[in-house]
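Accompanying notes for the structure given below.
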Amino acid sequence: MIDPKLLRQSTAEVARNLARRGHAFDATAYLALEERRKSLQVDTEHLQSERNSRSKAIGQAKAKGEDVAPLLAAVADLGDRLASRQADLQALQSRLRDIELNLPNLLSDDVPDGRDATANVEVRRWGEPPAFAFEPRDHIALGESLGLLDFDAASKISGARFTVLHGALARLQRALISFMLDTHTDEHGYQEAYVPYLVHDLALEGTGQLPKFAADLFRTDSGTPFYLIPTAEVPLTNLARDVIFEADQLPLRYTAHTPCFRSEAGSYGQDTRGMIRQHQFEKVELVQVVAADASAAALEELTSHAEKILQRLELPYRVVALCAGDIGFGAAKTYDLEVWLPGQERYREISSCSNCTDFQARRMQARRRNPQSGKPELIHTLNGSGVAAGRALIAVLENYQQADGDVRIPAVLQPYMGGAKTLQG
RNA sequence: GGAGAGGUGGCAGAGCGGUUCAAUGCACCGGUCUUGAAAACCGGCAAGGGUUUAUAGCCCUUCGAGGGUUCGAAUCCCUCCCUCUCCGCCA
């Protein structure tokens, strides 16, 4: 959520920032509502104050044994007047909040202009796409010919956009996850967490998936509905909900492996083949909770932590700064990591690292105590995949394939694979 | 799933319709005293929102959540949530 004070005081500026994303914000309509809210709220609180003081006087008069009938008469219509004002105010406030909850975060000044992914800016590359002496195959052909990847079985059980992994390939995914978690906890200072995969709507509102993106989520139809997490960012970031941290408790760094569930509504026809875009996939997530003035540096650092995984796996990748039109709802600035996929002969997203500034913190009242003023102030939250395990699995298959159809196992994963050097072992 | 108990400020804990615009204690912060510390004493000590140049004042809201009764609700009524104990079931 954007600071409502900023929204009403610097409306034009905010609108200009949002316009960079292609988001049209009707500043005039908003300000009109806001003006009514102001007078209505001042009015309502006035009446509340009057009711309080009159009720108090009645109490005091009663204690002295005086006749309170005239006092009661004087206050007779106050309740009704107050109730109607309060109802109007509440309706207006919920309209304003609805608008505010549907506004994306303000973009950081250094986000490049552009309407879509084609305008994203490559920041750097690492590694060289491997040169094959044969025609490289994609992960589908590789996995199926090895007998380790089974889309038919998955569709029998659950339909499209699911995968069954067998044997060494299932283990390879587990190896990737363990390797990532170990690296982040042992070397990057993250604390591993195990978190719920089913969450309340409040948690999703806190990170920004709700109310706007309900269609992307799976919801249970149990009594009080749960949502399946679309990313571990949701439970991890919500660890800071309603907390006032002491300055020395920050930064907080959490990592977790979880499955992620996405309805992929609206992506029909995209990546329907293979395991690029699934309803269920595994991911290792990184989340940081930091003081406001530390978030810009933290984004660079968090991104480097995700990069480190690809470097250790010796997978060629590039870092891309997302442009204004391609950046996510809650992010002020985002770097995507794109890994080279020989089967597609292109770089594909494998990690997305974002600085959400105070956007999520405001929604979930995540604060720290300012050591100078002693006052609570909003913290900043960051998240990034470190990295998506399913896509890392694809990248390993395609980049490590050999002429005979076998797949070598990256050196850092071999200890997790019982020492095996190839997928066939 | 069954039965019971309970949810009050950082913690403990009182209050059960107006004298509590939440007592008291602990913790914490400042001060006095002291060579220093402790003790003792004095003072301070929630969050959100509104108004405002203001993190100054003033006002509103918040005693698990939501609704209701009332001039007035932490206190009465209804619904829900959560925690704990015992029983049952279960990885």
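Quick note on this note's numbering: the first sequence kicks off at 550 and runs consecutively.
Here a beta-carbon is modelled for each residue, glycine too, at the ideal position from N, C-alpha and C.
No experiment lies behind these values; they were computed from the predicted model shown.
Do the CB positions of residue i and residue j come within less than 8 angstroms of each other?
i	j	result
ALA938	ILE726	yes
ASP955	LEU972	yes
LEU962	PHE728	yes
ARG867	GLU887	yes
HIS806	GLU782	no
ILE975	ARG940	Shown here, the chain extends from 550 to 974; a query on residue 975 therefore has no answer.
THR560	ALA576	yes
LEU747	VAL833	no
CYS809	ASN669	no
GLY892	ARG686	yes
ARG570	ILE943	no
THR732	ARG861	yes
MET966	ALA764	no
THR804	TYR739	yes
LEU912	PRO925	According to the sequence shown, residue 912 is Arg rather than Leu. No, the Cβ-Cβ distance between ARG912 and PRO925 is not below 8 angstroms.
VAL869	GLU677	no
GLY923	CYS902	no
ASN654	PHE908	yes
PHE775	ALA952	no
LEU859	ASN948	no
LEU718	GLY692	yes
GLU539	PRO760	Limits of the chain in this structure are 550 at one end and 974 at the other, which puts residue 539 out of reach.
Please state whether DSSP places residue i in a helix, a strand or coil.
i	result
GLY974	In this prediction, GLY974 scores a pLDDT of 48, lower than 50, which makes its location untrustworthy; no coordinate-derived value is stated.
TYR965	helix
PRO925	strand
ALA870	strand
LEU691	helix
TYR817	coil
GLN893	coil
LEU698	strand
VAL660	coil
VAL713	strand
GLU594	helix
GLU741	strand
Can you check DSSP and say which residues form a bridge with residue i?
i	result
GLY933	LEU835 and CYS902
LYS882	ASN904
ALA805	GLU834
GLN950	VAL956
GLN829	PHE810
ILE793	ARG916
GLN558	Bridge partners of GLN558: none, in fact.
TYR776	VAL748 and ARG768
VAL670	ALA870
VAL888	TYR866 and ARG897
Which value, in whole angstroms, describes the spacing of the CA atoms of residue i and residue j?
i	j	result
LEU638	VAL591	10 angstroms
SER812	LEU766	6 angstroms
SER987	ALA881	Residue numbering for the chain in the displayed model covers 550 to 974; residue 987 lies beyond these limits and cannot be assessed.
GLY974	ARG768	The pLDDT assigned to GLY974 is 48, lower than 50, so where the model puts this residue is not dependable; a value taken from the coordinates is nonetheless given after this. So the alpha carbons of these two residues sit roughly 41 angstroms apart.
ILE928	ARG586	28 angstroms
THR852	PHE878	19 angstroms
ALA910	VAL839	10 angstroms
ASN919	HIS854	28 angstroms
LEU946	ARG790	39 angstroms
GLY663	GLY874	6 angstroms
ALA610	GLN635	28 angstroms
ALA640	CYS905	29 angstroms
ARG710	GLU584	49 angstroms
GLY772	HIS749	12 angstroms
SER633	LYS554	26 angstroms
ASP629	LEU567	41 angstroms
GLN798	GLN921	15 angstroms
ALA742	LEU698	29 angstroms
ASN601	ALA622	15 angstroms
ALA960	GLN950	14 angstroms
LEU596	ILE607	16 angstroms
ARG957	SER657	42 angstroms
VAL801	ALA843	Checking the displayed sequence, the identity of residue 801 turns out to be Leu instead of Val. Roughly 12 angstroms between the two C-alpha positions.
PHE762	GLN837	23 angstroms
ASP820	LEU785	29 angstroms
GLU736	LEU556	41 angstroms
ALA847	GLU856	14 angstroms
ARG720	LEU695	14 angstroms
ARG822	ILE689	8 angstroms
LYS705	GLN829	15 angstroms
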